[in-house]
Amino acid sequence: MREIVLINITGEDRPELTAAITGILAEARANILDVGQTVLHKVASLAILAEVPDCIDESPLLKKVLCVAHELGMQAHFTPFSAADYRQWMDAQGRSRHIITLLTRQMTAEQLQQASAVATRHGLHIERIERLSGPVIAGSAEAGRTGCVELTVCGEPADPLTMRTEFLQVAQESQVDIAFQSDSLLRCNRRLAVFDMDSTLIEAEVIDELAKVAGIGEQVAAITERAMRGELDFQASFRERLALLKGLPETALAEVAASLRLTEGAELLFAELRRLGYKTAILSGGFNYFARQVQQKLGIDYVFSNELQIVDGKLTGVAVEPIVDAQRKADLLCKLAEQEGLCLEQTVAVGDGANDLPMLGLAGLGVAFRAKPLVRQSARQAISTRGLDGILYLLGYRDRYRDFDKDCR
25 MREIVLINIT
35 GEDRPELTAA
45 ITGILAEARA
55 NILDVGQTVL
65 HKVASLAILA
75 EVPDCIDESP
85 LLKKVLCVAH
95 ELGMQAHFTP
105 FSAADYRQWM
115 DAQGRSRHII
125 TLLTRQMTAE
135 QLQQASAVAT
145 RHGLHIERIE
155 RLSGPVIAGS
165 AEAGRTGCVE
175 LTVCGEPADP
185 LTMRTEFLQV
195 AQESQVDIAF
205 QSDSLLRCNR
215 RLAVFDMDST
225 LIEAEVIDEL
235 AKVAGIGEQV
245 AAITERAMRG
255 ELDFQASFRE
265 RLALLKGLPE
275 TALAEVAASL
285 RLTEGAELLF
295 AELRRLGYKT
305 AILSGGFNYF
315 ARQVQQKLGI
325 DYVFSNELQI
335 VDGKLTGVAV
345 EPIVDAQRKA
355 DLLCKLAEQE
365 GLCLEQTVAV
375 GDGANDLPML
385 GLAGLGVAFR
395 AKPLVRQSAR
405 QAISTRGLDG
415 ILYLLGYRDR
425 YRDFDKDCR
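Using this note's numbering, you'd call the opening residue of the sequence shown number 25 and step up by one each time.
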């Protein structure tokens with residue numbers, strides 16, 4: 025086998041570095057087996073795994089690389105690869121790779137240390153760490169600041185369930201969201217995103233707000249909370265709560281609608297999803313009257329929610345069948361994916377309640393957003409520290425002062 029050597033060049037970044045080193049290797053008719061270069065705060069690191077032809081004397085070649093590196097004010101290190109080393113490296117290329125995303129208001133060393141320690145304990149090897157979020161002024165109390173880093177790891181965890189439990193514990197104790205995904209092409213090729221509405225796209229449960237107007241807010245809110253935690257059947261609790269609103273004037277709908285606020289990050293998320301060609305949908309156990317308004321504000325393609333029955337200007341206390349419950353949300357996700365010519369792995373689903381779990385489980389990326397404990401523990405991914413725009417990071421996007429560039433490998 026021809027000689028193989030790993031060349032590492034480090035030092036203050038010089039624009040001509042790559043061309044200078046590869047130019048020397050080109051003169052020797054060397055093959056490039058692997059290459060990687062990074063620049064972090066003006067410090068460059070270039071690594072090249074080169075195969076040198078038998079007819080070329082390796083020592084003068086490497087001496088020339090060393091001299092050029094010195095002229096550039098950089099350091100060069102060489103590591104010879106034996107046949108066994110090369111086979112080991114080749115075998116490693118076939119190992120599974122995963123993405124660990126850390127998302128928080130402000131990244132701390134403790135958060136990164138704890139997450140990386142969990143990964144290492146479970147047999148994962150960190151190959152690369154990159155910052156996805158934009159820079160912030162050091163020491164500032166900048167409102168809405170974001171910290172997000174992405175770790176590329178190779179290997180398979182020996183006990184995925186235990187690892188997930190440990191990630192959830194770190195997330196809870198250190199105020200950081202941790203997502204663990206397979207590093208696949210489909211991760212960067214999703215094209216349909218569906219969302220729950222209440223407490224997901226808007227910062228309220230509409231049925232609770234209507235109940236406040238009717239003077240029975242606490243009674244209805246208690247039922248809603250138990251239903252979202254998964255303690256009550258959604259359809260039964262929905263009918264029970266709606267029946268309590270019988271006789272409420274239709275004018276209350278406009279009153280409540282005027283007070284509703286979009287969730288943090290919703291406008292940025294949907295603007296980017298539209299720009300990137302996603303189809304979007306609301307799949308909600310809430311009400312059409314409000315969902316249509318959210319659709320108009322965010323430019324959403326499809327809406328499926330419940331229609332309130334109104335007679336003589338008053339709510340009858342029932343909704344038009346069929347009720348959009350957990351199973352219907354899951355069915356609608358499948359129907360929309362088929363309609364758009366997509367596999368389920370190319371879909372994203374986001375919600376906060378127990379009635380969202382079936383669709384979160386079916387989607388390629390299912391995200392429990394600011395969810396109840398049961399939902400957060402059951403969903404594969406969860407975001408609690410940031411707004412809805414944090415979902416973009418899970419899709420592999422970089423933040424460049426509020427612009428996002430796709431980073432699909």
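Glycine included, C-beta positions come from ideal geometry on N, C-alpha and C.
Which two residues bound the contiguous alpha helix (DSSP H) that contains R145?
Along the sequence shown, read from residue 1 onward, the residue named residue 145 stands at position 121. Under the DSSP assignment, R145 falls in the alpha helix (DSSP H) whose first and last residues are A133 to R145.
Can you check which of these residues, V63, T46 and E227, is closest to N55 by C-alpha distance?
Stepping through the sequence shown from its first residue, residue 55 is reached at position 31. Across the set V63, T46 and E227, the C-alpha of T46 shows the shortest separation from the C-alpha of N55.
Is DSSP giving H65 helix, strand or coil here?
Within the sequence shown, the letter at position 41 stands for residue 65. DSSP places H65 in coil when its eight states are reduced to three.
Secondary structure of I273, DSSP reduced to three states:
Counted from its first residue, the sequence shown places residue 273 at position 249. In the sequence as presented, Ile is not what sits at residue 273; that position holds Pro. DSSP places P273 in the strand class (E or B) of the three-state scheme.
Using a Cβ-Cβ cut-off of 7 Å (strictly less than) and excluding sequence neighbours within five positions of A354, which residues of its own chain qualify?
Working through the sequence shown from its first residue, we reach residue 354 at position 330. If we look at A354 and ignore the five residues flanking it on each side, its Cβ neighbours are P382, M383 and L386.
Classify M131: buried if its beta carbon has 16 or more other beta carbons within 10 angstroms, exposed otherwise.
Within the sequence shown, residue 131 is the residue found at index 107, counting from 1. Counting Cβ neighbours within 10 Å, M131 comes out buried, since at least 16 surround it.
Can you grab the Cα-Cα spacing for the pair E36 / R152, in whole Å?
To locate residue 36, count along the sequence shown from 1; it is residue 12. To locate residue 152, count along the sequence shown from 1; it is residue 128. Distance between the alpha carbons of E36 and R152 is about 20 Å.
Enumerated in chain order, which unbroken segments of the alpha helix (DSSP H) with a length of 4 residues or greater are wholly contained in the region 226 to 314?
Here the runs fully enclosed are 230 to 238, 241 to 252, 258 to 267, 275 to 283 and 290 to 299.
Does the Cβ of L209 have 16 or more other Cβ atoms within 10 Å, making it buried, or fewer, making it exposed?
As a working note, residue 209 is residue 185 in the sequence shown. That one is exposed.
Helix, strand or coil, according to DSSP, for A167 in the structure here?
The count along the sequence shown starts at 1 and reaches residue 167 at position 143. Residue confidence is low: A167 scores 48 on pLDDT, short of 50, so the model does not pin down where it sits. No coordinate-derived value is stated.
Helix, strand or coil for R119, going by three-state DSSP, please let me know.
Taking the first residue of the sequence shown as 1, we reach residue 119 at position 95. Secondary structure at R119: coil, using DSSP grouped into helix, strand and coil.
Just mark V318 as buried or exposed, buried being the case when its beta carbon has 16 or more other beta carbons within 10 Å.
To locate residue 318, count along the sequence shown from 1; it is residue 294. Buried, because 16 or more other Cβ atoms sit within 10 Å of the Cβ of V318.
If we count Cβ pairs, one from each stretch, closer than 8 Å, do we get three or more for the region 325 to 344 versus the region 177 to 192?
In short, these stretches do not touch, since the Cβ pair count stays below three.
Mapping the DSSP letters down to three states, classify Q320 as helix, strand or coil.
Taking the sequence shown and counting its residues from 1, one reaches residue 320 at position 296. It is helical.
Buried or exposed: which applies to C172, given that a residue is buried once 16 or more other Cβ atoms fall within 10 Å of its Cβ?
Here residue 172 is taken as the residue at index 148 of the sequence shown, counted from 1. Using a 10 angstroms sphere on the CB of C172, the tally of other CB atoms reaches 16 or more, which defines it as buried.
Chain-order list of residues whose beta-carbon lies under 6 Å from that of L73 (same chain, five-residue window excluded)
Position 49 of the sequence shown, counted from the start, is the residue given in the question as residue 73. Cβ neighbours of L73 within its own chain (closer than 6 Å, five residues either side excluded): L30, L57 and D58.
Three-state secondary structure assigned by DSSP to D355:
Position 331 of the sequence shown, counting from 1, holds the residue named residue 355. For D355, the three-state secondary structure derived from DSSP is helix.
Selection from P159, E134 and S308 that minimises the alpha carbon distance to I226:
As a working mapping, residue 226 is identified with position 202 in the sequence shown. Among P159, E134 and S308, the Cα nearest to that of I226 belongs to S308.
Output yes or no for whether 9 Å exceeds the beta carbon distance between H94 and T34.
Within the sequence shown, numbered from 1, the residue matching residue 94 stands at position 70. Within the sequence shown, numbered from 1, the residue matching residue 34 stands at position 10. Contact check for H94 against T34 fails: the beta carbons are separated by 9 Å or more.
Of the residues V89, L41, P84 and L86, which one's Cα is nearest the Cα of A68?
If you number the sequence shown from 1, residue 68 lands on position 44. The residue with the shortest Cα to Cα distance from A68 is L41.
Just checking my contact of D207 with H122 at CB under 8 Å: how many whole Å lie between their CB atoms?
As a position in the sequence shown, residue 207 is number 183, starting the count at 1. As a position in the sequence shown, residue 122 is number 98, starting the count at 1. About 6 Å; that satisfies the 8 Å criterion.
Could you tell me which of L148, F219, C367 and L136 sits nearest to L286, measuring between CA atoms?
One-based indexing of the sequence shown puts residue 286 at position 262. Of the candidates L148, F219, C367 and L136, the one whose C-alpha sits nearest the C-alpha of L286 is F219.
Pairs of beta-carbons, one from the region 388 to 404 and one from the region 231 to 247, closer than 8 Å: are there three or more?
With the cut-off at 8 Å, the region 388 to 404 and the region 231 to 247 do not touch.
If you measure between the beta carbons of A195 and I415, is that distance less than 9 Å?
Looking up residue 195 in the sequence shown gives position 171. Looking up residue 415 in the sequence shown gives position 391. No, Cβ-Cβ distance for A195 and I415 is not below 9 Å.
Starting from L332, trace the alpha helix (DSSP H) in both directions and tell me its first and last residue.
By one-based count along the sequence shown, residue 332 stands at place 308. L332 -> not in any alpha helix (DSSP H); beta strand (DSSP E) instead, spanning Y326 to V335.
Using the Cβ count rule (16 or more neighbours within 10 Å means buried), how would you classify D109?
For the purposes of this step, residue 109 is taken as residue 85 along the sequence shown, with counting starting at 1. Its Cβ having fewer than 16 others within 10 Å, D109 is exposed.
Identify every run of the alpha helix (DSSP H) within the region 51 to 95, keeping only runs that are complete inside it and at least 4 residues long; order them along the chain.
Counting whole runs of 4 or more residues, the region 51 to 95 contains the alpha helix (DSSP H) stretches 82 to 95.
Looking only at its own chain, which residues have a Cβ that is under 8 Å from the Cβ of D349, when we skip the five neighbours before and after it?
Taking the sequence shown and counting its residues from 1, the one referred to as residue 349 is at position 325. In chain order, F258, Q259, F262, G309 and N379 place their CB closer than 8 Å to the CB of D349, counting only its own chain and leaving out the 5 sequence neighbours on each side.
Note the first and the last residue of the continuous beta strand (DSSP E) segment covering L30.
Stepping through the sequence shown from its first residue, residue 30 is reached at position 6. That run of the beta strand (DSSP E) goes E27 to E36.
Alpha carbon of S408 to alpha carbon of D201, nearest angstrom:
Reading the sequence shown from its first residue, position 384 is the one you call residue 408. Reading the sequence shown from its first residue, position 177 is the one you call residue 201. For S408 and D201, the distance between alpha carbons rounds to 7 Å.
Are the beta-carbon atoms belonging to R316 and L127 less than 9 Å from one another?
As a working mapping, residue 316 is identified with position 292 in the sequence shown. As a working mapping, residue 127 is identified with position 103 in the sequence shown. Not a contact, by the Cβ cut-off of 9 Å.
Whole-angstrom Cβ separation of E190 and V142, contact assumed at under 8 Å?
The count along the sequence shown starts at 1 and reaches residue 190 at position 166. The count along the sequence shown starts at 1 and reaches residue 142 at position 118. 5 Å between Cβ atoms; contact.
Within the same chain, show all residues whose beta-carbon is closer than 6 Å to that of Y302, passing over the 5 residues directly before and after it, in chain order.
Residue 302 sits at position 278 when you count from the first residue of the sequence shown. Excluding sequence positions up to five before and after Y302, its CB lies within less than 6 Å of the CB of R215 and A217, all in the same chain and listed in chain order.
Mapping DSSP to helix, strand and coil, what is D413?
Residue 413 sits at position 389 when you count from the first residue of the sequence shown. Three-state result, D413: helix.
Under a Cβ-count criterion, where at least 16 other Cβ atoms within 10 Å of its own Cβ denotes burial, should T125 be classed as buried or exposed?
Along the sequence shown, one-based indexing puts residue 125 at 101. T125 is buried by the Cβ-count criterion.
Between which two residues does the beta strand (DSSP E) carrying Q405 extend?
As a working note, residue 405 is residue 381 in the sequence shown. Counting along the chain, the beta strand (DSSP E) containing Q405 begins and ends at Q405 to I407.
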